[in-house]
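Read the structure below first, then the notes.
Chains as they are written, first to last, in this note's numbering: chain A, 1 to 153; chain B, 1001 to 1246.
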């Protein structure tokens, strides 16, 4: 029968502590901010992201955001060809600043939530209406913004 | 027996490790009432995020909130504005609450961030909080109004000239670039970029519907109605906007 070594619990805890310390330690290089957008789920009509940014030294974790969108299978173009719809919102990452003063970072969201009827004047579907999904842009402060400190000199 | 002890020890260690990284500590919530018109609760949500919730205890709606948080060298500024972000946000009606995520889940060993509500604006234009932050919220509204009017003028002029989607989108992008470069401060840069994104993004994403001819009615209406709606909402909040002029 397998029996763990008597020192196993201590070794286990040491390994665990080392892993946690390594995970919490910021990366070693400091420079232009980059962002991470992890898609948490993508239901019909909404998509959730986990947003964070780092300059390699500080990390700004902006948390989870849900971008609402319309829920349609597809729209049609003027040749009656179904178009896959962009049903989910997307986030665009922005930053401003420099190594000496630090950076401000933010995300702007684009929501696709409006469907309209459009009368085709050409193509196989000329003379008939086709459905069209149009991007709508939420307000500029919809997603908060954060600041990352200057790079250590 | 010894194996059982080892197992129990390992199980406890594993559970401790999981709980360090896990969210859901509802017990850390703290509620204060800095003003009879609202209550503020700060705490950790089920995901471990630092959240500030404002409950409206007044008879008026709340249209603006600003929360600020710091976590060492990192700061977080969160804004709720139902006037600027209509129709995506709705005013917080009497009795209702609104939660602002100030920071995402904490990493293991990371201390709790400092979080505070800095400004509240009510539907009648009255406000509570730090003057600097109240002015910041009001200035954002003022800028949004100004830039939405300029963007609408560009769309209407483009319509008169019979511009195509591509031509108007390009013009909006070019003007945005110039306005962003000339803007004073980050708030104005963000607002300026946004005002012209409202034109260029729908036009760019409408594909074959646009064609090479003048902008189709539906797209013109979508863009101009959105800007008119923004202007209308901001104009309604004008007492606040006017008082925000530096």
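By construction, the Cβ of each residue, glycine as well, lies at the ideal position given by its N, Cα and C atoms. The structure presented is a predicted model; accordingly, all values stated were derived computationally and were not measured.
Proximity winner among the options, relative to residue i (alpha-carbon distances)
i: residue 1028 of chain B; options: B/1036, B/1122, B/1052 and B/1135; result: B/1052
i: residue 1103 of chain B; options: B/1083, B/1130, B/1067 and B/1096; result: B/1067
i: residue 1170 of chain B; options: B/1034, B/1100 and B/1200; result: B/1200
i: residue 1146 of chain B; options: B/1047, B/1040, B/1121 and B/1234; result: B/1234
i: residue 1122 of chain B; options: B/1060, B/1185 and B/1107; result: B/1060
i: residue 1101 of chain B; options: B/1114, B/1078 and B/1085; result: B/1078
i: residue 1085 of chain B; options: A/29, A/106, A/139 and A/151; result: A/139
i: residue 120 of chain A; options: B/1223, B/1148, B/1222 and B/1218; result: B/1218
i: residue 100 of chain A; options: A/137, A/149, A/136 and A/60; result: A/149
i: residue 1054 of chain B; options: B/1118, B/1172, B/1110 and B/1150; result: B/1118
i: residue 81 of chain A; options: B/1139, B/1109, B/1209 and B/1158; result: B/1209
i: residue 1065 of chain B; options: B/1141, B/1030 and B/1182; result: B/1141
i: residue 1107 of chain B; options: B/1149, B/1050, B/1138 and B/1088; result: B/1050
i: residue 39 of chain A; options: A/91, A/102, A/78 and A/95; result: A/91
i: residue 1236 of chain B; options: B/1092, B/1166 and B/1083; result: B/1083
Cross-chain neighbours of residue i in chain B, by beta carbon under 9 Å
i: residue 108 of chain A; result: 1190, 1193, 1194 and 1197
i: residue 126 of chain A; result: Result: empty, since nearest Cβ-Cβ is about 12 Å, beyond 9 Å.
Under 7 Å from the C-beta of residue i: neighbouring residues of chain A
i: residue 1075 of chain B; result: 146 and 147
i: residue 1186 of chain B; result: 96 and 104
i: residue 1201 of chain B; result: 110, 135 and 137
i: residue 1122 of chain B; result: Within chain A, no residue comes near residue 1122 of chain B; the closest Cβ sits about 18 Å away, beyond 7 Å.
i: residue 1078 of chain B; result: 144
i: residue 980 of chain B; result: One cannot answer for residue 980 of chain B here, as it falls past the ends of chain B, which runs 1001 to 1246.
Partners in chain B for residue i, counting only beta-carbon separations shorter than 7 Å
i: residue 52 of chain A; result: 1104
i: residue 42 of chain A; result: Here the premise fails: no neighbours, minimum Cβ distance about 18 Å.
Neighbour list for residue i in chain A, Cβ cutoff strictly below 9 Å
i: residue 1101 of chain B; result: 62, 63, 64, 65 and 144
i: residue 1037 of chain B; result: Result: empty, since nearest Cβ-Cβ is about 22 Å, beyond 9 Å.
Proximal residues of chain B, C-beta to C-beta of residue i below 8 Å
i: residue 101 of chain A; result: None at all; the shortest Cβ gap to chain B is about 12 Å.
Test: residue i CB closer than 8 Å to a CB of chain D
i: residue 1184 of chain B; result: In summary, chain D is missing from the structure at hand, where the protein chains are A and B.
Residues that residue i contacts on chain A, provided the C-beta gap is smaller than 8 Å
i: residue 1139 of chain B; result: Near residue 1139 of chain B there are no residues of chain A at all, since even the closest Cβ is about 12 Å away, more than 8 Å.
Using Cβ-Cβ distances below 7 Å, what residues of the segment 1040-1056 of chain B are close to chain A?
-> 1047 and 1049
Evaluate contact between the segment 1176-1193 of chain B and the segment 1126-1133 of chain B, counting only Cβ atoms and requiring at least three cross-stretch pairs below 8 Å.
-> no
Does the count of Cβ pairs from the segment 61-68 of chain A and the segment 1137-1156 of chain B closer than 8 Å reach three?
-> no
The segment 1104-1123 of chain B contacting the segment 1069-1076 of chain B, beta-carbon criterion three pairs below 8 Å | yes
Going along the chain, which unbroken runs of the alpha helix (DSSP H) with 4 or more residues stay wholly within the segment 1117-1203 of chain B?
-> 1131-1161 and 1165-1182
Where are the beta strand (DSSP E) runs, 3 residues long or more, that stay fully inside the segment 1039-1109 of chain B, in chain order?
-> 1050-1056, 1062-1071, 1074-1081 and 1097-1103
Scan the segment 1146-1176 of chain B for residues whose Cβ lies nearer than 7 Å to a Cβ of chain A and list them as they occur along the chain.
-> none
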